[in-house]
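First residue of the sequence shown: 4, per the working numbering; consecutive thereafter. The C-beta atom is built at its ideal place from N, Cα and C for all residues, glycine as well.
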Amino acid sequence: MWKLYAILSALFAALTSILAKVGIKGVDSNLATAIRTCVIIVMSWLIVFMSGSQQGIRELTKQNWTFLFLSGLATGLSWLFYYKAISLADVSKVAPIDKSSIVLTLILSFIILGEQFTLKTIAAAVLITAGVFVMMLK
Numbered sequence: 004m005w006k007l008y009a010i011l012s013a014l015f016a017a018l019t020s021i022l023a024k025v026g027i028k029g030v031d032s033n034l035a036t037a038i039r040t041c042v043i044i045v046m047s048w049l050i051v052f053m054s055g056s057q058q059g060i061r062e063l064t065k066q067n068w069t070f071l072f073l074s075g076l077a078t079g080l081s082w083l084f085y086y087k088a089i090s091l092a093d094v095s096k097v098a099p100i101d102k103s104s105i106v107l108t109l110i111l112s113f114i115i116l117g118e119q120f121t122l123k124t125i126a127a128a129v130l131i132t133a134g135v136f137v138m139m140l141k
């Protein structure tokens with residue numbers, strides 16, 4: 004089931020970029036990010052309350068709060084920089100660079116989480132990196 008969720012994530016991430024590029028036309032990128040964030044906040048809390056997940060708030064530890072807060076900061080910064088980039092350049096140029104986060108995630112998962120690389124993971128990371136550089140060429 005996780006593969007279906009991952010595919011849906013990729014599909015909606017692609018739609019996000021296209022819809023954002025159209026929606027950001029003539030709008031400050033920071034304002035656009037704030038509007039998008041408000042929609043996400045409302046949608047997320049609706050899902051939490053519809054599923055009854057709000058009960059889990061009491062079970063969160065200090066570590067949960069700390070790392071979820073830091074993750075939120077990283078997400079916010081990522082969105083702000085992404086929207087600024089697509090306001091200045093074509094999505095087709097920005098998106099591949101943004102997706103180089105896959106390689107950075109692999110490296111950080113090894114360093115921070117102790118996840119292991121396989122030959123397949125290394126080959127994929129090299130190919131993704133090469134693809135990003137090819138897409139950056141004029």
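Going by CA-CA distance only, name the one from S103, L116, E118 that's closest to A127.
On the sequence shown, residue 127 is found 124 positions in, with the first residue counted as 1. Out of S103, L116, E118, S103 has the C-alpha closest to the C-alpha of A127.
Within 10 Å of its beta-carbon, does V45 have 16 or more other beta-carbons around it, so buried, or fewer, so exposed?
As a first step, residue 45 must be located in the sequence shown, where it is residue number 42. Classification of V45: exposed, given that the 10 Å Cβ count is below 16.
Return the first residue and the last residue of the alpha helix (DSSP H) that T108 is part of.
Working through the sequence shown from its first residue, we reach residue 108 at position 105. Its alpha helix (DSSP H) spans residues 104-114.
Roughly how many whole angstroms lie between the Cα atoms of A92 and Q58?
On the sequence shown, position 89 is the one that residue 92 refers to. On the sequence shown, position 55 is the one that residue 58 refers to. One C-alpha to the other measures close to 43 Å.
What does the alpha-carbon distance come out to for the pair V137 and S95?
In the sequence shown, residue 137 corresponds to position 134, counting from 1. In the sequence shown, residue 95 corresponds to position 92, counting from 1. Near 12 Å, if we compare the C-alpha coordinates of S95 and V137.
Count the other CB atoms within 10 Å of the CB of S54; is the residue buried (16 or more) or exposed (fewer)?
Residue numbering aside, residue 54 sits at position 51 when the sequence shown is read from its first letter. Flag for S54 reads exposed.
So, using beta-carbon positions, are A98 and A17 closer together than 9 Å?
On the sequence shown, residue 98 is found 95 positions in, with the first residue counted as 1. On the sequence shown, residue 17 is found 14 positions in, with the first residue counted as 1. For A98 and A17, yes; Cβs fall inside 9 Å.
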